[in-house]
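Protein chains in written order, with this note's numbering: chain R, 3 to 503; chain Y, 49 to 128. Backbone N, C-alpha and C define an ideal beta-carbon position, used for all residues, glycine too. Computed from a predicted structure; not experimentally measured.
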Amino acid sequence: MTQQLNKKWTQGMFSTEDWWSAWLGLFFFGLGLLSIWGLDIVGWIAKPKTWEWTNLMQDFSWHKLLKTSSTHYHSLHPLLSLFITYLVFAFLTGLGAYFQKLNVRKYLYGFTIIFFLTWLAWIAGHEAHLSAINAMVKKHNYFKEYNLSWGLQLGGGASYLLALIIGLVIGNFMKNFASKIKEAAKPEWFIKTGIVLLGIKLGMMTMKAAGFTYELALAGAAAAFVAYLLFWPIVYYIGRKYFKLNRSSAAVLSSGISICGVSASIATAGAIKAKPIIPIAVSSLILIFAMLELVALPPALTHLSPNEPIVNGAAMGMTVKTDGADAAAGAILDQLMISKHLKQTGEQWEEGWILSAALLTKIWIDIFIGIWSFVLAIIWVRNVDRKKDQEKIPKSEIWFRLPKFVMAYMLVWLIYLAIMYFFPEVVPSAKFGGHIVQGPYRKLMFMLTFLSIGVITDFSKLKGMGRLAILYALALFAIIAPLAYAVAYLFHHGMLPPVTK
Amino acid sequence: MRNFELALYFKGLKWIAQNKEVRFESSELKELDEQIKKYLQQQNIKGQIKVSYYFDFDNFPHWMRQYMPHYFNKQLIFTL
Numbered sequence: 003m004t005q006q007l008n009k010k011w012t013q014g015m016f017s018t019e020d021w022w023s024a025w026l027g028l029f030f031f032g033l034g035l036l037s038i039w040g041l042d043i044v045g046w047i048a049k050p051k052t053w054e055w056t057n058l059m060q061d062f063s064w065h066k067l068l069k070t071s072s073t074h075y076h077s078l079h080p081l082l083s084l085f086i087t088y089l090v091f092a093f094l095t096g097l098g099a100y101f102q103k104l105n106v107r108k109y110l111y112g113f114t115i116i117f118f119l120t121w122l123a124w125i126a127g128h129e130a131h132l133s134a135i136n137a138m139v140k141k142h143n144y145f146k147e148y149n150l151s152w153g154l155q156l157g158g159g160a161s162y163l164l165a166l167i168i169g170l171v172i173g174n175f176m177k178n179f180a181s182k183i184k185e186a187a188k189p190e191w192f193i194k195t196g197i198v199l200l201g202i203k204l205g206m207m208t209m210k211a212a213g214f215t216y217e218l219a220l221a222g223a224a225a226a227f228v229a230y231l232l233f234w235p236i237v238y239y240i241g242r243k244y245f246k247l248n249r250s251s252a253a254v255l256s257s258g259i260s261i262c263g264v265s266a267s268i269a270t271a272g273a274i275k276a277k278p279i280i281p282i283a284v285s286s287l288i289l290i291f292a293m294l295e296l297v298a299l300p301p302a303l304t305h306l307s308p309n310e311p312i313v314n315g316a317a318m319g320m321t322v323k324t325d326g327a328d329a330a331a332g333a334i335l336d337q338l339m340i341s342k343h344l345k346q347t348g349e350q351w352e353e354g355w356i357l358s359a360a361l362l363t364k365i366w367i368d369i370f371i372g373i374w375s376f377v378l379a380i381i382w383v384r385n386v387d388r389k390k391d392q393e394k395i396p397k398s399e400i401w402f403r404l405p406k407f408v409m410a411y412m413l414v415w416l417i418y419l420a421i422m423y424f425f426p427e428v429v430p431s432a433k434f435g436g437h438i439v440q441g442p443y444r445k446l447m448f449m450l451t452f453l454s455i456g457v458i459t460d461f462s463k464l465k466g467m468g469r470l471a472i473l474y475a476l477a478l479f480a481i482i483a484p485l486a487y488a489v490a491y492l493f494h495h496g497m498l499p500p501v502t503k
Numbered sequence: 049m050r051n052f053e054l055a056l057y058f059k060g061l062k063w064i065a066q067n068k069e070v071r072f073e074s075s076e077l078k079e080l081d082e083q084i085k086k087y088l089q090q091q092n093i094k095g096q097i098k099v100s101y102y103f104d105f106d107n108f109p110h111w112m113r114q115y116m117p118h119y120f121n122k123q124l125i126f127t128l
């Protein structure tokens, strides 16, 4: 029997997804930073172009669908660029899979299928009838250029939704196939890597609007803290009083519903030393509800609160559980709100701010979970188990529960801040590589997440969950979602993303 | 202070703590603590003892590791 014991602080550095998302993100970030010295070794990555199907049918060319990310590599055929992209990502994530002791052959098989299905969704989502918005975007109005009579005008959200739909169809209607590719369906790993790369975006945003970015980060921290203090006791009380759950189940479920989903439920169960079956059962429930939140909340918030983009983003971060589903929901919300505002006003909000608002609240929550679990463990030992004389909670528990990808995200942000303050003359060249890494690289990780999260979501697991599922649904939609919006409104009201010129 | 280390996992309905020399089983963690104390007494160990439990995360389904790769470690400190 293999063992995974966390004894030393270095444990898991090469064997957990969390650490690997930090390594991969920092590696890509480092490659992008070489542009400071005039080296472009990231621009070969493929990215999709907006296309229109009748135009493509008249004169088919891969050049209409794909291109390389920088002009230095424009001589590469787009298919070769896509193939290199596949090789690099398969190799690097395969290396991670090897160290994480996954079955590498199965992983590569699954990754190949997930990768190409992801690209299929990404390219299809850029078809003009789905994505083009009837307004000027980066000096183009594709709606008019392609002379469209109709269009869904979803912007980049179309690709995300398509990837999610493909994943959900596989996960729920092609279960044998899903089980064959599941080894590579790692939404948390992919999204955490994407979030590390988003640290570049936050750095660039700080270069552009430092005051607003700091305000966003601080407001996110305050909102997350207030939300913690409100959500947990309310759900715990309802679970105990009205659903007659025992202390352990009520505590684990409260963390899962009200804090950050699966990671919170495992951390809380560990803190109170519950039998592992409790967080395992709760986690299945969380994943299914996270998918429902991901599908329902972005369009609902876009429709109900179109003039409060940052409030909506922050509320999303406090409502949607799991980092993967939250980032995915934030990315969809970002695109839907930008598209709607652009259609209505002709003014384009800058991409990434709404997503960052969603992520910043979630990241603070992720950081707090280690501390909260430590405090809860002490309370439990003293007041529930009553063993304060003998049992000690090692302080290393905080470290083991601290998400390492968040440290990488913060590090990336701080390096950009350092460049901005100490080496302002290299900012333009740093931005060159940074734009590519936080653009196509980060978006690819997000797209892989959308497809993977669909593959691992099996709605049939809701059967037999009984009162836990009812409590979850009630707490989420009647308590957490409205309260999260109220808290987000309190701290973020009136904040608007900068406008793209 | 002497240190006594054990890997901890949960199987069926029981907590199991073991190292290369010894294995303890119980449905409750509290009982496990008592069993270990009794064992150490029988070994004629004297003075302050630190018992460190390290939960084996391989006990969790592999898919859950991406969310949180740590369950808990705990220490008992007592004098025999």
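Could you give the first and the last residue of the continuous alpha helix (DSSP H) run that contains V90(R)? 80-101 is the extent of the alpha helix (DSSP H) around V90(R).
With a 10 Å radius around its C-beta and 16 neighbouring C-beta atoms as the bar for buried, classify R50(Y) as buried or exposed. By the neighbour-count rule (16 or more Cβ atoms within 10 Å), R50(Y) is not buried but exposed.
Check whether the Cβ of S256(R) lies closer than 8 Å to any Cβ atom in chain Y. So, not an interface residue.
Whole angstroms is fine: what's the gap from M320(R)'s alpha carbon to W21(R)'s? Cα to Cα, M320(R) sits roughly 24 Å from W21(R).
For T56(R), does the three-state DSSP call read helix, strand or coil? Three-state DSSP puts T56(R) in a helix.
M138(R): buried (16+ other C-beta within 10 angstroms of its C-beta) or exposed? Around the beta carbon of M138(R), fewer than 16 other beta carbons sit within 10 angstroms, so the residue counts as exposed.
Since I believe Y411(R) is in contact with I197(R) (beta carbons under 8 Å), could you give me their beta-carbon distance rounded to a whole number of angstroms? The Cβ separation is near 6 Å, so the contact holds.
Is the region 208-216 of chain R touching the region 288-299 of chain R, taking contact as three or more C-beta pairs under 8 Å? These segments do not touch.
Give the range of the alpha helix (DSSP H) segment to which S145(R) is assigned. Before going further, note that residue 145(R) is Phe rather than Ser in the sequence given. F145(R): member of the alpha helix (DSSP H) spanning 144-147, first to last residue.
Whole alpha helix (DSSP H) elements within the region 156-196 of chain R, 4-residue minimum: With a minimum length of 4 residues, the continuous alpha helix (DSSP H) runs that stay inside the region 156-196 of chain R are 159-175, 177-183.
Starting from the beta carbon of L124(Y), find every residue of chain R whose beta carbon is closer than 7 Å, and list them in chain order. In chain order: Q392, E393.
Quick one: measure Cβ to Cβ for K277(R) and F58(Y), integer angstroms, because I've assumed they're closer than 8 Å. The Cβ separation is near 6 Å, so the contact holds.
Min CB distance G14(R) to chain Y below 8 Å: Yes - at least one Cβ of chain Y is within 8 Å of the one on G14(R).
Own chain partners of A379(R) with C-beta closer than 6 Å, once the 5 adjacent residues on each side are dropped: Only A273, I395 meet the Cβ criterion.
Own chain, CB closer than 6 Å to L56(Y), minus 5 neighbours either side, in chain order: Taken in chain order, the residues that qualify are A65, Y101, F103.
Since I400(R) and A266(R) are thought to touch, with beta carbons under 8 Å apart, how far apart are those beta carbons, to the nearest angstrom? Not quite, the Cβ-Cβ distance comes to about 14 Å (not below 8 Å), so this is no contact.
Mark M339(R) as exposed unless 16 or more other C-beta atoms lie within 10 angstroms of its C-beta, in which case mark it buried. By the 16-neighbour rule on beta-carbons within 10 angstroms, M339(R) is buried.
Close-in-space but distant-in-sequence residues of the same chain around I43(R) (CB under 8 Å, 5 per side omitted): Closer than 8 Å at Cβ, skipping near neighbours: L33, L36.
Rounded Cβ spacing between I125(R) and P50(R) (contact assumed at less than 8 Å): Contact between I125(R) and P50(R) holds: their C-beta atoms lie close to 5 Å from each other, under 8 Å.
Any beta carbon from chain B within less than 8 Å of Y115(Y)'s own beta carbon? Going by chain labels, chain B is absent from the structure shown, which instead holds the protein chains R and Y.
Distance CB(Y119(Y))-CB(I458(R)) smaller than 8 Å: I458(R) sits away from Y119(Y), with the two beta carbons spaced by 8 Å or more.
Is I365(R) a contact residue of the ligand SAH, with contact defined as CB to any heavy atom under 7 Å? Among the components modelled here there is no ligand, and therefore nothing to report on the ligand SAH.
Short CB-CB distance (under 8 Å) between L80(Y) and chain R: Residue contact check for L80(Y) against chain R: no CB pair falls below 8 Å.
Close Cβ partners of F227(R) (< 8 Å) along its chain, the five nearest in sequence each way excluded: Sequence-distant partners of F227(R) (beyond 5 residues in either direction) whose C-beta falls short of 8 Å from its own C-beta, in its chain, are W366, F370.
Could you please give the first and the last residue of the uninterrupted beta strand (DSSP E) stretch that includes K69(R)? Element bounds for K69(R): 68-70.
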